[in-house]
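Chemist: What follows is a structure written as structure tokens; I'll ask about it next.
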Amino acid sequence: MPHTFDDAAVSGVLGHMNHDHAADNLLIARAFGAADATDAVMTGFDGEGGEWLAVRGDGSRETVRVPWPGGSITERRDVRREIVALYDAACAMLGVDARPHD
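Once you know that position 24 of the sequence shown is 23 in numbering that gives the first Met the number 0, the rest is easy, because the numbers rise by one and skip nothing.
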């Protein structure tokens with residue numbers, strides 16, 4: 000059974016991703032399952048991976064679940080590392096220059 004993060008962790012990560020990294024969400028959704036997505040929001044995560052709701056050009060929606068590249072996690076601080084790894088992988092897959100990370 001995957002590790003479940005507390006509500007504060009989930010709320011914090013989702014708020015940050017959906018307000019500060021909307022373009023990153025779209026890249027991840029396109030690279031890992033919804034190539035024709037026009038919009039995407041991160042909707043959840045657990046110790047095994049993250050979930051994004053992708054909206055396609057025709058208005059249909061698809062949940063895209065992506066496993067963490069580094070394997071299972073149990074610490075909130077590890078979520079950032081794994082999302083950054085997904086972003087970098089998505090950029091590589093889509094031929095987009097990744098921006099530097101702090």
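Backbone N, C-alpha and C fix where the C-beta goes; we use that ideal spot for every residue, glycine too.
1. At 4 residues or longer, and completely inside the segment 59-101: list those alpha helix (DSSP H) runs for me, N to C.
2. So what's M16 in DSSP terms, helix, strand or just coil?
3. Report yes if the CB atom of E50 is closer than 8 angstroms to the CB atom of W67, and no otherwise.
4. Grouping DSSP H, G and I as helix and E and B as strand, with all else coil, what is D35?
5. Does A34 pass the burial test, meaning 16 or more other C-beta atoms within 10 Å, or should it be called exposed?
6. Can you give me the start and stop residues for the alpha helix (DSSP H) that D23 sits inside?
7. Just to check my reading of the structure: V40 and L52 have Cβ atoms closer than 8 angstroms, yes? What is that Cβ distance to the nearest angstrom?
Modeler: Walking through what the data contain:
1. List check, alpha helix (DSSP H) in window: 75-93.
2. Annotated three-state conformation of M16 is helix, per DSSP.
3. It is not a contact, given that the beta carbons lie outside the stated cut-off.
4. Note: D35 maps to coil in three-state DSSP.
5. Flag for A34 reads exposed.
6. Where D23 is concerned, the enclosing alpha helix (DSSP H) stretches over 21-30.
7. Sure, about 5 angstroms apart at Cβ, within 8 angstroms.
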